[in-house]
Amino acid sequence: MESIYTPMPKHRTEDFDCSIIMVAVTRAQTRTKCYEIAMNTPVRTAVRIWNTRTLLQYAESCMLKPDIGTAVIELEVAFSENTPFSLLTLRKCLQLMPNINDLILRLPSCSPRVTLSGLRFPSLQLVESNLLHRVMVPFIEQHPTINYLLLGPCEGGRRCPLHATSLDNVTDLRLPLGCLSDLANPSISRLHAFLTDQILSSSTILRTLRSYSSLYSLTVEFRNDDYDILCGISGLAPTLRKLRLLVQPSFQRRERQSRRAWNNTVIWARDLRRLQRLEELLIQVDNALVNNPRAEDEEEMLIYKWLSGRSCPTDDWTGSHIHPTLYHIGIWYYEVSYVSSIVSDWWKDVPRWCRRYQYEGQMSQDQFI
Ligand SMILES: [Zn+2]
């Protein structure tokens, strides 16, 4: 069994050595201190460890008072990129917390392949980690109970290491868009696909995927010159209910504000209508959306155009020209590119739509859908 303790030296009276006694006394004091810390550490179900000192204290406390470890249901270990940490201590800590349901691990990118080797959590449901996919694959395969899988970047290469891994029980998945091509999981109901530097067009990748017939909620990042993004989504998930679109800068040097998919309201409305069950849409864009940011009448006109496809707004918000199922649209735009953000929340309020909320400043994407 691995030990995080330095073994105590065995002394013989004839081997009198002052330095050994000093070391022994110091270690005895350290042990006493550790015992005191362990006895005073409360038994908690949710634990967050954010530095190596806390990690060591928790590992020692779990060894001296096992209830501390067995009580933990949710564990988050979050170290910054340059934090040197003891893998042995981390693994010991994890071994002493066998009842974890939710495990969040944010570790330096150089963490070795064996970081999670051999660890078992019979009740594990949620895993969020920035560890490379090849590090995660054996761990995922040994935990078929995982429903929520939130992964970080892939190491690249021709195929994602997850390509041969069964994700049949995973319902909520977050991973790089490029890895989707190698996966087969029609049972996913919530998907968050994020961009990486290698990907120019989200819609191109989405069009190559098999249909996700059970997909309920999709969050996808796309470049601001990806004009076919809604077409790509409607082919992937025609029965989608919730959609979050998050724009990222394109690689084109000369960006023109007018060249954005959502600015062509006729095409945008047509493509939105392909999502015949869509209920909620949040779109974060990188331009001003309206001439006078925050102006309610201008935003209302824009919402009408998106819902109807008509370039000349009328007062008819209920006819067949209006998207049949959408009832909530959140628009998140910038007064000045990526500086001052404005979020407006529009809801169907028969017989028309109304703006219920408006926020300023940095927003959480989770506020919406
Ligand atoms: Zn991957």
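Using this note's numbering, read the sequence shown as starting at 4 and increasing by one per residue.
Even for Gly, the Cβ is constructed at its ideal location relative to N, Cα and C.
{"Item": "Three-state secondary structure assigned by DSSP to His-166", "Value": "helix"}
{"Item": "Heavy atom of ligand 1 within 7 angstroms of Pro-141 beta-carbon", "Value": "no"}
{"Item": "Of the residues Leu-165, Glu-224, Arg-56, Gln-145, the one placed nearest Ile-40, counting alpha carbons only", "Value": "Arg-56"}
{"Item": "Between the CA atoms of Asp-228 and His-379 - distance to the nearest angstrom", "Value": "Given that the chain is displayed from residue 4 to residue 372, the structure contains no residue 379 and the question cannot be resolved."}
{"Item": "Residues surrounding ligand 1 [beta-carbon distance to nearest heavy atom under 5 angstroms]", "Value": "His-136, Cys-157, Cys-163, Cys-182"}
{"Item": "The beta strand (DSSP E) enclosing Arg-355, as first and last residue numbers", "Value": "355-363"}
{"Item": "Three-way DSSP call (helix, strand, coil) for Leu-305 in this model", "Value": "helix"}
{"Item": "Range covered by the alpha helix (DSSP H) that runs through Thr-92", "Value": "90-98"}
{"Item": "Contacting residues, own chain, Cβ-Cβ under 8 angstroms from Leu-198 (five flanking each side not counted)", "Value": "Pro-179, Leu-180, Ser-205, Glu-224, Phe-225, Arg-226, Gln-251"}
{"Item": "Beta-carbon proximity list for Leu-127, same chain, < 7 angstroms, skipping 5 on both sides", "Value": "Ile-103, Asn-104, Leu-106, His-146, Thr-148, Ile-149"}
{"Item": "The region 85-93 in contact with the region 121-137 per 3-pair CB rule at 8 angstroms", "Value": "no"}
{"Item": "Three-way DSSP call (helix, strand, coil) for Arg-244 in this model", "Value": "coil"}
{"Item": "Endpoints, beta strand (DSSP E) assigned at Ile-334", "Value": "331-337"}
{"Item": "Residue span of the beta strand (DSSP E) that contains Leu-287, given as start and end", "Value": "One point to set straight first is that residue 287 is Gln, not Leu, in the sequence displayed. That run of the beta strand (DSSP E) goes 283-287."}
{"Item": "Integer-rounded CB distance, given that Tyr-307 should sit under 8 angstroms from Ala-264", "Value": "Contact flag wrong, Cβ pair sits at about 18 angstroms."}
{"Item": "Pairwise C-alpha distance: Phe-88 and Ile-24", "Value": "Any reading at Ile-24 must be qualified, since the residue scores a pLDDT of 37, below 50, and its modelled position is unreliable; no value is offered."}
{"Item": "Contact between the region 62-70 and the region 33-53 (3+ Cβ pairs under 8 angstroms)", "Value": "yes"}
{"Item": "Residue of Leu-285, Met-304, Tyr-61 minimising C-alpha distance to Thr-73", "Value": "Tyr-61"}
{"Item": "Other residues of its chain near Glu-63: CB distance less than 6 angstroms, five sequence neighbours each side excluded", "Value": "Cys-37"}
{"Item": "Pair within 8 angstroms by beta-carbon distance, Arg-297 and Ile-345", "Value": "yes"}
{"Item": "Pro-164 vs Arg-137 beta-carbon contact at 8 angstroms", "Value": "yes"}
{"Item": "Straight-line Cα distance separating Leu-153 from Glu-77", "Value": "15 angstroms"}
{"Item": "Pair within 8 angstroms by beta-carbon distance, Gln-287 and Leu-248", "Value": "yes"}
{"Item": "Coarse secondary structure for Phe-197, derived from DSSP in three states", "Value": "strand"}
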